[in-house]
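In the working numbering, the protein residues as written are 62 to 215. Even for Gly, the Cβ is constructed at its ideal location relative to N, Cα and C. For clarity, every value in this text was computed on a predicted model and none was experimentally measured.
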């Protein structure tokens, strides 16, 4: 009987440590999101992605405000915050999240936060130019695959 009580107590203590660890990680993840300015970064990113889509398909331009309203409703930081915190808390320990937050609190980390949107945009432009330069090859590959699938279906 004492063994069962000891085992039950051990399980209870282990479970409470897991809960404390999750809570600590979630707290650190929330503080990290605040430190890196996740809300403004997400909002800025959302508008940039929408503008890229409109630039790629100008027929969407008249619907920009409608699409922005939709994205703000379902893709806003406030609506995504619990999920974002959870994925960071699952991926990193509380100490790791604190270390990341400390980095972003540093001068170099602040510079990284400031430059990241510009660097991501520039990287996206490089990728788009690379695809555009070789679009004929992609079209030929798609055409060949469509023909292969058509033959295979017969």
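Cα-Cα separation between residue i and residue j, rounded to whole angstroms
{"i": "residue 177", "j": "residue 214", "result": "47 angstroms"}
{"i": "residue 197", "j": "residue 207", "result": "15 angstroms"}
{"i": "residue 201", "j": "residue 189", "result": "18 angstroms"}
{"i": "residue 158", "j": "residue 169", "result": "17 angstroms"}
{"i": "residue 138", "j": "residue 152", "result": "19 angstroms"}
{"i": "residue 48", "j": "residue 105", "result": "Absent from the model: residue 48. The displayed extent of the chain is 62 to 215, so no value can be given."}
{"i": "residue 212", "j": "residue 205", "result": "11 angstroms"}
{"i": "residue 187", "j": "residue 85", "result": "40 angstroms"}
{"i": "residue 134", "j": "residue 128", "result": "10 angstroms"}
{"i": "residue 181", "j": "residue 209", "result": "37 angstroms"}
{"i": "residue 103", "j": "residue 150", "result": "19 angstroms"}
{"i": "residue 156", "j": "residue 118", "result": "45 angstroms"}
{"i": "residue 121", "j": "residue 87", "result": "38 angstroms"}
Contact set for residue i: own chain, Cβ-Cβ below 8 angstroms, skip 5 residues either direction
{"i": "residue 171", "result": "165"}
{"i": "residue 161", "result": "93, 153"}
{"i": "residue 140", "result": "134"}
Residue burial classification, residue i (beta-carbon count within 10 angstroms, cutoff 16)
{"i": "residue 90", "result": "buried"}
Contacting residues, own chain, Cβ-Cβ under 6 angstroms from residue i (five flanking each side not counted)
{"i": "residue 132", "result": "107"}
{"i": "residue 145", "result": "none"}
Span of the alpha helix (DSSP H) around residue i
{"i": "residue 119", "result": "That residue, residue 119, is in no alpha helix (DSSP H); it is neither H nor E in DSSP."}
{"i": "residue 132", "result": "125 to 135"}
{"i": "residue 215", "result": "No alpha helix (DSSP H) contains residue 215, which DSSP labels as neither H nor E."}
Close-in-space but distant-in-sequence residues of the same chain around residue i (CB under 7 angstroms, 5 per side omitted)
{"i": "residue 125", "result": "111, 115"}
Open item on the list: Ignoring anything shorter than 4 residues, give me the alpha helix (DSSP H) runs that lie fully in the region 127 to 189, in order along the chain.
Closed with: Look at the region 127 to 189 and you find these whole runs of alpha helix (DSSP H), each 4 residues long or longer: 138 to 152, 155 to 166.
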